[in-house]
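Counting from 1, position 284 in the sequence shown corresponds to residue 276 in the numbering used here; the numbering is continuous, with no gaps. C-beta: ideal position from N, C-alpha, C; glycine also. Keep in mind that this is a model prediction, so the values were computed, not measured. Working notes, beginning with the structure itself.
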Amino acid sequence: MRVKYVLSEVLVGLWRNVTMTVAMIITMAVSLTMLGASGLMYRQVDNMKDRYYENIEVSIFLTTEVTQQERDDLGAKLKGDPLVKEVIYENKEQAYERFKEMYQDAPDLVSAVKPDQLPESFRLRLVDPEQYKQIFDKYTGSAGIEEIVDQRRLLDKIFNILGAVQNIALVAAMVMAIAALLLVANTIQVAAYSKRREVAVMKLVGASNWFIQAPFVLEAVVAGLIGALIGFGALSLAKVFLFDGSLRDLTELLTPVGWSDVLIMLPLMAGAGALVSAITAWVTLRFYLRV
């Protein structure tokens, strides 16, 4: 009987302040959508890091005056280095073929470059890409070496930009969360004020605090859960129409977003929406109603 009464009071409370309830749900949905999107972005960037760093190369470009002996000695030293997983030597002709493939959409640029203008190089795969600095310090200044280039330096700049976007999305989600919390608190205050006489009567007949507070807290929880479901629907639509649609041709650059990544956001969003709403409602009641 008590459970039935509490649930009926929750439905009545949500309908009584329907405009504020809708505003609270929408704000919560936007906030949780941004929270879920930032979570997806974190997973996406981490997956991209794993993918790109796994295939990262260190290029050691040789000088134009390098001798055959210097080239052979350097190649033998690199192949025997425990930090190096794989060594690939690339001569001028091979470098030119790679250059033509990379810039096939710019024929004027390709025709302006001759094979003998491109340097020879050793391309290295490291056992641990994090040890690039050790390779750089070890071989910089060696005979025949012009420059040592690590793709990681360029990738780090890209991932720093993506990390900044992550932080911006997270900050925006926090701002929207604060707005949602204020709406939850305000809605609970209005609901409690409209039922102040009923609350007073319930206190007189000996109703416990939790019994009086439960309908108000559950109103906030229901609004939070509905907002989470709407936010999850928005993420699902983004997965279908954005990642599997307009961004589908960018699979060489972006790692795919699987349904498992989207689904894992549902309990996170629902838990955050319900828990934060419940705590906000409970604290509001403690300080406003003092029941």
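>> Please report the straight-line C-alpha distance between F114 and E93, rounded to a whole angstrom.
In response: Approximately 19 Å, taken between the alpha carbons.
> Under a Cβ-count criterion, where at least 16 other Cβ atoms within 10 Å of its own Cβ denotes burial, should F233 be classed as buried or exposed?
Replying inline: That one is exposed.
> Near V249, what residues of its chain come up, given a Cβ to Cβ distance below 7 Å and the 5 sequence neighbours on each side ignored?
Replying inline: Closer than 7 Å at the Cβ level, and outside the excluded window around V249, lie L32, Q36, K231, F235.
>> Tell me which residues share the same chain as I17 and place their Cβ nearer than 6 Å to its Cβ, disregarding the 5 neighbours each side in the sequence.
In response: For I17, where only same-chain residues beyond five positions count, the Cβ hits under 6 Å are A215, I218, G219.
> Using a Cβ-Cβ cut-off of 6 Å (strictly less than) and excluding sequence neighbours within five positions of V213, which residues of its own chain qualify?
Replying inline: Same-chain partners within the cutoff: A266, S269, A270.
>> Give me the residue from D65, E211, L255, P207 with the minimum Cα distance to A226.
In response: Closest option to A226, judged by alpha-carbon separation, among D65, E211, L255, P207: L255.
> Taking the alpha carbon of D120 as the point to measure from, which residue in S134, Y44, I137, M20 has its own alpha carbon closest?
Replying inline: Comparing Cα-Cα distances from D120 to each of S134, Y44, I137, M20, the minimum goes to Y44.
> How about the region 83 to 92 and the region 58 to 74: do they share at least three Cβ pairs that are nearer than 8 Å?
Replying inline: They do not touch, by the three-pair rule.
> Roughly how many angstroms separate the alpha carbons of V156 and S30, rounded to a whole number?
Replying inline: According to the sequence as given, residue 156 is Ala; it is not Val. Within the model, the alpha-carbon separation for A156 versus S30 is close to 11 Å.
> Can you tell which of T11, A15, V14, A21 has the C-alpha that lies nearest to the C-alpha of I222?
Replying inline: Of the residues T11, A15, V14, A21, the one whose Cα lies closest to the Cα of I222 is A21.
>> For A87 and Q126, I'd like the C-alpha separation in whole angstroms.
In response: Distance between the alpha carbons of A87 and Q126: 26 Å.
> With respect to the beta strand (DSSP E) encompassing I140, which residues constitute its N-terminal and C-terminal limits?
Replying inline: I140 -> beta strand (DSSP E) spans 137 to 142.
>> Going by C-alpha to C-alpha distance, which of D100, R278, Q123, W274 sits closest to L210?
In response: Just measuring C-alpha positions, the residue of D100, R278, Q123, W274 sitting nearest L210 is W274.
> By Cβ distance, which residues of its chain are closer than 7 Å to A15, with the 5 residues on each side in sequence left out?
Replying inline: When the five nearest sequence neighbours on each side are left out, the beta carbons in the same chain lying within less than 7 Å of the beta carbon of A15 are those of L175, in order along the chain.
> Would DSSP call S30 helix, strand or coil?
Replying inline: S30 falls in the helix class under three-state DSSP.
> Using the C-alpha atoms, what's the distance from P259 back to V10?
Replying inline: If you take the alpha carbons of V10 and P259, they lie about 26 Å apart.
>> Please identify the residue among Q61, K71, V79 whose C-alpha is closest to the C-alpha of I48.
In response: Answer by Cα proximity: V79.
> When you compare each of I150, R278, N159 to M40 by their alpha carbons, which one comes out closest?
Replying inline: Of the candidates I150, R278, N159, the residue whose Cα lies closest to the Cα of M40 is I150.
>> Quick check: N83 and E112, are their CB atoms within less than 8 Å of each other?
In response: Taking C-beta atoms as the reference points, N83 and E112 count as a pair closer than 8 Å.
>> So, with DSSP's three-state summary, where would you put Y81?
In response: Strand at Y81.
> Where DSSP assigns a beta bridge to L118, which residues make up the other side?
Replying inline: According to DSSP, which records beta bridges pairwise, L118 is partnered with V76.
>> So if DSSP puts V50 in a beta bridge, which residue, or which two residues, is it bridged to?
In response: Answer is L116, D142, bridged to V50.
> Where does T276 sit, in a helix, a strand or coil, going by DSSP?
Replying inline: Three-state DSSP puts T276 in a helix.
> How many Å lie between D107 and G237 at the Cα?
Replying inline: Looking at the sequence shown, residue 107 is not Asp but Pro. Their backbone Cα atoms lie some 41 Å apart in a straight line.
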